[in-house]
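Just so you know, the numbering used here puts 172 at position 18 of the sequence shown, and the rest follows in order with no gaps.
We put the CB at the ideal spot given by N, CA and C, even for glycine.
The structure appears below as structure tokens.
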Amino acid sequence: MAETPSALLDVADRSEPLHEAIYQELRARLSRGAFAPGESLSLRTLATELGGSVTPVRDAVWRLTAEHALCVGATRRITVPLIDRKGMLELLQARTLLEPEAAARALPYVRGRHRQAMKKANDTMNDALRQGDMAGYMASNHAFHFGLYRACPSDVIVPMIESLWVRFGPFMRLMYPDAVNELDLSDRHGDALRAIEAGDEAGLRAAIAADVQDGLDWMIKRI
Numbered sequence: 155m156a157e158t159p160s161a162l163l164d165v166a167d168r169s170e171p172l173h174e175a176i177y178q179e180l181r182a183r184l185s186r187g188a189f190a191p192g193e194s195l196s197l198r199t200l201a202t203e204l205g206g207s208v209t210p211v212r213d214a215v216w217r218l219t220a221e222h223a224l225c226v227g228a229t230r231r232i233t234v235p236l237i238d239r240k241g242m243l244e245l246l247q248a249r250t251l252l253e254p255e256a257a258a259r260a261l262p263y264v265r266g267r268h269r270q271a272m273k274k275a276n277d278t279m280n281d282a283l284r285q286g287d288m289a290g291y292m293a294s295n296h297a298f299h300f301g302l303y304r305a306c307p308s309d310v311i312v313p314m315i316e317s318l319w320v321r322f323g324p325f326m327r328l329m330y331p332d333a334v335n336e337l338d339l340s341d342r343h344g345d346a347l348r349a350i351e352a353g354d355e356a357g358l359r360a361a362i363a364a365d366v367q368d369g370l371d372w373m374i375k376r377i
């Protein structure tokens, strides 16, 4: 799935080295479901899209392979991994353990700008869902969650959650068409926003846990 031109230009505008920028961009795309499970990727195509040479793209691919986010076969063919039922359930169960804790840790650091960004992301997500815009839905859902988690500086929990989303995103892209028609989406994000406004840590934990659990319950029935 092609990214918007502005997203591609952002890579060149970052202050970090190009190889790191490309790695972060590919990670972000995986998290947002820009690639589907089993999809083949081309080093040259990615290099053209991201404005770099093949070498930094290859370095990024090797790093993502070490994180189990990509696969490189014996013939050097690069693919997005397929995930079996057991692996998907483990990913979602790990999210249910880590994300409520990350939300609770972030709560004391959340300011007005965080709440506004989260509300905007949630509104955009709901609009995308109504319009059947898978890319917009996943990008906005990601922005909502990490707008909260990243409010608190973290060198451990948030990077762990990020790595889970990198592996989860492609699978959600695959399941999205069915989710639009079948998933009973309660207002978990609204519950989270109200808990943040009230400074209610228990309520925030419950809202985030329920948000992840809703997806887990639905996927258990589908896979």
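Could you tell me the alpha carbon to alpha carbon distance between residue i and residue j, rounded to whole angstroms?
i	j	result
Asn276	Asn295	7 Å
Glu221	Ser207	22 Å
Gly192	Ile315	23 Å
Thr199	Leu224	16 Å
Gly369	Pro210	35 Å
Cys306	Ala257	9 Å
Leu218	Tyr177	8 Å
Gln132	Trp216	No answer is possible for residue 132: it lies beyond the span of the chain, which begins at 155 and ends at 377.
Glu253	Tyr303	8 Å
Asp213	Trp319	21 Å
Ala121	Leu180	Summary: the structure shown does not reach residue 121, with the chain confined to residues 155 through 377, and so no result is reported for it.
Leu162	Leu197	Only weak support is given to the placement of Leu162: the predicted model assigns it a pLDDT of 49, under 50, and the value that follows is read from those uncertain coordinates. Taking the straight line from one Cα to the other gives about 16 Å.
Ser317	Leu245	10 Å
Met279	Arg231	34 Å
Ala405	Glu203	Nothing in the structure corresponds to residue 405, since the chain is present only between 155 and 377.
Gly405	Lys274	The requested residue 405 is not part of the displayed model; the chain covers only 155 to 377.
Leu347	Phe300	13 Å
What is the DSSP secondary structure of residue i, counted as helix, strand or coil?
i	result
Ser196	coil
Pro171	coil
His222	coil
Ala361	helix
Ile374	helix
Gly206	coil
Ala166	The predicted model places Ala166 with a pLDDT of 48, which falls under 50 and marks its position as unreliable, so this point remains unresolved.
Ser317	helix
Pro254	helix
Val234	coil
Met155	Because Met155 sits at a pLDDT of 42, beneath the cut-off of 50, its placement in the model cannot be relied upon, and the following sentence gives the value as read from the coordinates. Correct three-state label for Met155: coil.
Tell me whether residue i is buried or exposed, calling it buried when 16 or more other Cβ atoms sit within 10 Å of its Cβ.
i	result
Leu236	exposed
Leu251	exposed
Pro159	Summary for Pro159: the model assigns pLDDT 41, below 50, so the residue's position carries little reliability; its value from the coordinates is reported in the next sentence. Pro159 comes out exposed.
Ala356	exposed
Val366	buried
Met266	The sequence given here places Gly at residue 266; Met does not occur at that position. It is exposed - the Cβ of Gly266 has fewer than 16 other Cβ atoms within 10 Å.
Please determine, among the options, the residue with the shortest C-alpha to C-alpha distance to residue i.
i	options	result
Phe298	Glu174, Arg230, Arg186 and Gln247	Arg186
Asp371	His222, Leu358, Arg239 and Val320	Arg239
Ile374	Leu243, Met329 and Ala256	Leu243
Ala141	Asp309, Gly301, Gly290 and Cys306	The structure shown does not extend to residue 141, since the chain is modelled only from 155 through 377, so no value can be given for it.
Ser194	Asp213, Glu174, Ala361 and Val226	Val226
Gly205	Leu172, Ala352, Leu261 and Ile232	Leu172
Met233	Leu184, Thr278, Arg265 and Arg259	According to the sequence provided, residue 233 is Thr. The question's Met does not apply to it. Nearest option by C-alpha distance: Leu184.
Asp354	Thr202, Val264, Gly286 and Ser317	Val264
Ala190	Leu347, Met292 and Ile362	Met292
Val310	Lys274, Glu255, Leu328 and Lys273	Glu255
Val312	Ala363, Thr202 and Arg259	Arg259
Arg269	Leu283, Met326, Ala363 and His343	His343
Just list the residues that DSSP pairs residue i with in beta bridges.
i	result
Thr148	Because the chain in this structure spans residues 155 to 377, residue 148 falls outside the shown range and cannot be described.
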